[in-house]
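Residue numbers (the working numbering): 4 to 272.
For every residue, glycine included, the Cβ atom is placed at its ideal position computed from N, Cα and C.
For reference, the structure discussed in these notes is given below.
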């Protein structure tokens, strides 16, 4: 006897996810990195990382993409050559605490064509708008009739020192600006390359992918990149920072042993 089964219920179309529905109504940018972790060892000669993403633009107005990658902040010590009585001497060192160890911008076109000066300054996008903290050393003066105004002891020389920081980092390939660094490979799809030199500092890097439309930022995507030492280099680095006295003593003993061994090996009989 053949038992008859009831017919299957009609198929119900699943609703589209809310994220896709929202994407169709608003402009936004999404991005990712091919490598979110860079390992540094003795053979490290730099790294090239591809940042890629997509622009969802339901409007007819064109949009620009700006990529900003900033490495960990670190101190920068500068001295200035001054001439005293015909002799060139180094001035008192100036220490900048808040200069990023790595900074790059890449965009679809020059930043000045994408947004105005005030907008870029507010967001801190571009080397001209990079926030570098002045030295903490300060003095109090009277300005416009107001007493006890705290200003950096560098005064008007701050801009010269700031330009020197940027110039030195650019010479080491740690700071870079590429007005054509973001390339659209297809409709809405873009890519940019992040070039890390061999002297790139270790730590956590932060990448911001800004989407501009008609001079205004309309969307941003935040990414994180980690550059860390591995192998024996990492062990030595951690030992030196966790136990600096032991590390210094070990270096002295190793240097003394090396000198003694060299004198025994190359001594004349």
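Can you tell which of the options has the C-alpha that lies nearest to the C-alpha of residue i?
i, options, result
"residue 41", "199, 131, 213 and 76", "199"
"residue 177", "216, 226, 204 and 121", "204"
"residue 45", "258, 225, 246 and 201", "201"
"residue 227", "163, 63, 43 and 75", "75"
"residue 108", "231, 123, 58 and 249", "123"
"residue 61", "73, 53 and 31", "31"
"residue 99", "254, 110, 77 and 261", "77"
"residue 54", "128, 34, 48 and 43", "34"
"residue 168", "43, 264 and 97", "97"
"residue 187", "56, 243, 49 and 36", "56"
"residue 162", "189, 132, 116 and 190", "132"
"residue 130", "259, 72 and 50", "72"
"residue 58", "224, 261, 248 and 127", "224"
"residue 114", "43, 192, 263 and 70", "70"
Take residue i and list the residues in its own chain whose beta-carbon comes closer than 7 Å to its own, dropping the five residues that flank it on each side.
i, result
"residue 165", "135"
"residue 38", "52"
"residue 243", "250"
"residue 269", "none"
"residue 127", "133 and 134"
"residue 79", "99, 102 and 168"
"residue 89", "none"
Quick one: Cα of residue i to Cα of residue j, how far?
i, j, result
"residue 112", "residue 82", "36 Å"
"residue 171", "residue 104", "11 Å"
"residue 174", "residue 267", "44 Å"
"residue 181", "residue 254", "43 Å"
"residue 257", "residue 251", "10 Å"
"residue 222", "residue 246", "45 Å"
"residue 101", "residue 259", "38 Å"
"residue 125", "residue 190", "30 Å"
"residue 232", "residue 210", "20 Å"
"residue 29", "residue 197", "28 Å"
"residue 50", "residue 36", "13 Å"
"residue 192", "residue 120", "27 Å"
"residue 86", "residue 43", "42 Å"
"residue 262", "residue 248", "21 Å"
Starting from the C-beta of residue i, find all residues in its chain whose C-beta is less than 6 Å away, skip the five residues before and the five after it, and write them out in chain order.
i, result
"residue 229", "40 and 207"
"residue 184", "109 and 195"
"residue 179", "107"
Could you tell me which residues DSSP pairs with residue i in its beta bridges?
i, result
"residue 107", "72 and 179"
"residue 79", "99"
"residue 193", "56 and 187"
"residue 225", "211"
"residue 91", "86"
"residue 40", "229"
"residue 199", "50"
"residue 34", "56"
Once the 5 residues before and after residue i are set aside, which same chain residues still bring their CB inside 8 Å of it?
i, result
"residue 219", "118 and 122"
"residue 265", "none"
"residue 19", "Any reading at residue 19 must be qualified, since the residue scores a pLDDT of 42, below 50, and its modelled position is unreliable; no value is offered."
"residue 47", "201"
Kindly say whether residue i, judged by its beta-carbon, lies nearer than 8 Å to any beta-carbon of chain D.
i, result
"residue 43", "Chain labels in this structure do not include chain D; a single protein chain is all it has."
Can residue i be considered in contact with the ligand FAD, in the sense that its beta carbon sits closer than 7 Å to one or more heavy atoms?
i, result
"residue 191", "With respect to small molecules bound, the structure shown includes none, and the ligand FAD cannot be examined in it."
Exercise. With a cut-off of 8 Å, do at least 3 Cβ pairs link the segment 65–72 to the segment 210–219?
Worked result: yes
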